[in-house]
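Visitor: Residue numbers (the working numbering): 6 to 269. Note that beta-carbon positions come from the ideal geometry of N, C-alpha and C, so glycine has one too. Remember, it's a predicted structure, so these values are computed and weren't measured experimentally.
1) When DSSP builds the beta bridges, which residues end up paired with residue 22?
2) With distance defined between alpha-carbon atoms, name the residue in 71, 251 and 14 nearest to residue 44.
3) Starting from the C-beta of residue 97, find all residues in its chain whose C-beta is less than 7 Å away, skip the five residues before and the five after it, and write them out in chain order.
4) Alpha carbon to alpha carbon, what distance is there between residue 173 and residue 260?
5) Work out the CA separation of residue 141 and residue 169 for me, nearest whole Å.
6) Going by Cα to Cα distance, which pick from 251, 92 and 135 is closest to residue 212?
7) Excluding the five sequence neighbours on either side, which residues of its own chain have a C-beta within less than 8 Å of the C-beta of residue 249, listed in chain order?
8) Measure the alpha-carbon distance for residue 18 versus residue 62 and round it to whole angstroms.
9) Here's the rule I'm using: 16 or more other beta-carbon atoms within 10 Å means buried, otherwise exposed. How should residue 243 be labelled?
10) Out of 137, 199 and 112, point me to the one whose CA is closest to residue 128's CA.
11) Check for me: the beta strand (DSSP E) holding residue 259 runs from which residue to which?
12) My understanding is that residue 161 touches residue 152, with C-beta atoms under 8 Å, so please give their C-beta distance in whole angstroms.
13) May I have the straight-line CA-CA distance separating residue 268 from residue 91, to the nearest angstrom?
14) Determine the DSSP secondary structure at residue 13, reduced to helix, strand or coil.
15) Measuring CA to CA, which of 109, 77 and 103 is closest to residue 85?
16) Got a sec, what are the start and stop residues for the alpha helix (DSSP H) residue 62 sits in?
17) Excluding sequence positions up to five away, which residues of its chain have a Cβ less than 7 Å from the Cβ of residue 40?
18) Between residue 56 and residue 116, which are expected to be in contact by the criterion C-beta below 8 Å, what is the C-beta distance as a whole number of angstroms?
19) Nearest to residue 225 by CA position, among 237, 21 and 66, is which residue?
20) Which one or two residues does DSSP pair with residue 159 in a beta bridge?
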């Protein structure tokens with residue numbers, strides 16, 4: 006277990022190739038620190054909310070002890086992408102000037118295949134608990150969002166977590182959802198220690214840790230059209246959502262346990 010880091014800032018220097026899984030068109034890109042990143046752009050479909058979900062999902066996952074790629078703030082200047090030949094990508098880069106999110110590119114990683122790789126019951130239980138806590142609608146057989154890298158399991162792509170913020174109405178009710186979609190989780194059959202995971206992981210996520218992670222969200226990602234709340238108000242909603250969800254963790258833990266029993 007570890008505390009969230011202070012995230013580094015990099016400048017994107019070269020757009021290499023789009024990753025066309027899904028509709029958000031992330032891309033592999035070079036940065037001025039000499040590393041490659043999977044960059045997700047605020048100008049894509051769900052805008053900065055997907056970047057917020059990615060940031061919170063990665064950093065909460067990291068604190069809980071999961072392997073997730075390093076997260077950086079990735080800057081695009083106004084000249085970036087002008088020579089891009091693909092008009093769709095050029096528009097995406099144009100609307101993504103400023104601050105985006107980058108995830109360290111795991112070169113040579115392969116997609117997790119549940120037929121090939123068996124995950125031990127403790128890790129499986131903790132990942133299922135984490136995804137139920139974060140209301141992650143991905144991590145299914147269709148789209149596992151996990152990679153094997155150097156024979157270790159890495160969690161990627163948290164942009165579909167915290168889906169309450171796409172409507173942002175009655176977040177209090179959303180915070181106490183039992184999250185029935187956990188029934189489709191790819192690791193649910195192995196997750197036989199969900200109650201133990203609940204006790205262990207709930208104890209790690211103190212108010213201070215959650216607040217420190219939420220405070221990583223930059224103001225630039227919290228300027229939402231149609232909302233009167235200022236960035237501090239919105240960060241407080243994220244914190245209260247996560248805190249409330251944690252307080253009621255027995256609800257989603259029981260839902261996951263019941264769903265697993267129906268499977269096995």
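Guide: For this structure:
1) 33
2) 14
3) For residue 97, where only same-chain residues beyond five positions count, the Cβ hits under 7 Å are 30, 46, 48 and 49.
4) 24 Å
5) 11 Å
6) Cα-wise, what sits closest to residue 212 is 251.
7) 177, 180 and 181
8) 26 Å
9) buried
10) 199
11) Premise fails: residue 259 lies in the alpha helix (DSSP H), 254 to 268, not in any beta strand (DSSP E).
12) 6 Å
13) 45 Å
14) Residue 13 falls in the strand class under three-state DSSP.
15) The residue with the shortest Cα to Cα distance from residue 85 is 103.
16) Per DSSP, the continuous alpha helix (DSSP H) segment holding residue 62 begins and ends at 53 to 68.
17) For residue 40, the CB contacts under 7 Å within the same chain, skipping 5 residues up- and downstream, are 109 in chain order.
18) Actually they are not in contact, since the Cβ atoms of residue 56 and residue 116 sit about 23 Å apart, beyond 8 Å.
19) 237
20) Its beta-bridge partners are 152.
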